[in-house]
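A quick write-up on the structure given underneath.
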Amino acid sequence: MLADQTRKIQKNNTFNNKIRYRSLWVLKSIHRESIARETLNVRATHQARLYKLISEGCKIIGYVRKLPGKESITTRLRLLESMVDKLVKASSVEMVFGSYSSASDEIFVKRDTTKTTVIPRTKGNTQDFLQFLAAANYPVTIVAIDFAGLTTNKPDLIQFLRDHKAVKNIVIDNIESQNKTYHLTREQILSDETVLQLFDCRSAPVRRSLMP
5 MLADQTRKIQ
15 KNNTFNNKIR
25 YRSLWVLKSI
35 HRESIARETL
45 NVRATHQARL
55 YKLISEGCKI
65 IGYVRKLPGK
75 ESITTRLRLL
85 ESMVDKLVKA
95 SSVEMVFGSY
105 SSASDEIFVK
115 RDTTKTTVIP
125 RTKGNTQDFL
135 QFLAAANYPV
145 TIVAIDFAGL
155 TTNKPDLIQF
165 LRDHKAVKNI
175 VIDNIESQNK
185 TYHLTREQIL
195 SDETVLQLFD
205 CRSAPVRRSL
215 MP
């Protein structure tokens, strides 16, 4: 954790300029090792659960999304591709669909309804995602980075699950921000308000493209 940035005049500074510096708080090695082991255990458990689903015939599908912003197309695509890479490496997704520009509370059927820029290494946008799910005749597990990476619109999530019976599980990777993952069944989301409430996240957005 970084302390607040401060300024001071350094000795032997000819022009008496204020020099910026930061104080860096560093965990003791014993604590770093403990946190590293715990994180590795969380990742290993997460992957083991996904491998079990795969062995049972479930398709693991990733979904990425980025909020509308002012960055260049090149930057936006680079950030989205970084998210895709993380899903492939950490969650063994078979394919990824993505929304080039949409809000987290925008309903699925309204996302990417106009022609959008194709995100590298994806199978298409949100509309392609919905068509894929509608045609699926096998169980599907959706994986996203953070709840907002999928949706924060609870009523629309319920409608989404009712419209797409093939979706049996939704997995949320929050290892970077909370050191945990959420493996949720459709039944849990549809019947348990406390589980559904997880998607109504109001905290600061997780920077999904910067996760290791």
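My numbering applies: residue 5 is where the sequence shown begins, and numbers increase by one. For every residue, glycine included, the Cβ atom is placed at its ideal position computed from N, Cα and C. Being a predicted model, the structure only gives us computed values, none of them experimental.
Nearest-angstrom beta carbon gap, residue j and residue i [assumed within contact, 8 Å]
| i | j | result |
| --- | --- | --- |
| Phe151 | Tyr67 | Not really, about 12 Å apart at Cβ, beyond 8 Å. |
| Leu81 | Ile149 | Rounded, the Cβ-Cβ distance is 17 Å, inconsistent with contact. |
| Arg125 | Ala94 | So it is not a contact: roughly 15 Å between Cβ atoms. |
| Asn178 | Thr185 | 6 Å |
| Ile174 | Leu200 | Rounded, the Cβ-Cβ distance is 11 Å, inconsistent with contact. |
Residue burial classification, residue i (beta-carbon count within 10 angstroms, cutoff 16)
| i | result |
| --- | --- |
| Tyr142 | exposed |
| Ser106 | buried |
| Glu110 | buried |
| Ile193 | buried |
| Ala40 | Below a pLDDT of 50, predicted positions are generally treated as unreliable, and Ala40, at 49, falls in that range; the measurement from the model is reported next regardless. Its Cβ having fewer than 16 others within 10 Å, Ala40 is exposed. |
| Asp116 | buried |
| Leu71 | exposed |
| Ile146 | buried |
| Ser195 | exposed |
| Thr78 | exposed |
| Ser217 | A query on residue 217 cannot be resolved here, the shown segment of the chain reaching from 5 to 216 and no further. |
| Lys114 | exposed |
Three-way DSSP call (helix, strand, coil) for residue i in this model
| i | result |
| --- | --- |
| Asp109 | coil |
| Ala127 | The question names Ala, but residue 127 in the sequence shown is Lys. Lys127 falls in the coil class under three-state DSSP. |
| Gly61 | coil |
| His187 | strand |
| Thr156 | coil |
| Thr120 | coil |
| Asp204 | coil |
| Val100 | strand |
| Asp150 | coil |
| Lys56 | helix |
| Arg69 | strand |
Handout entry: Three or more C-beta pairs below 8 Å linking the segment 154 to 162 and the segment 120 to 139
Key = The segment 154 to 162 is not in contact with the segment 120 to 139.
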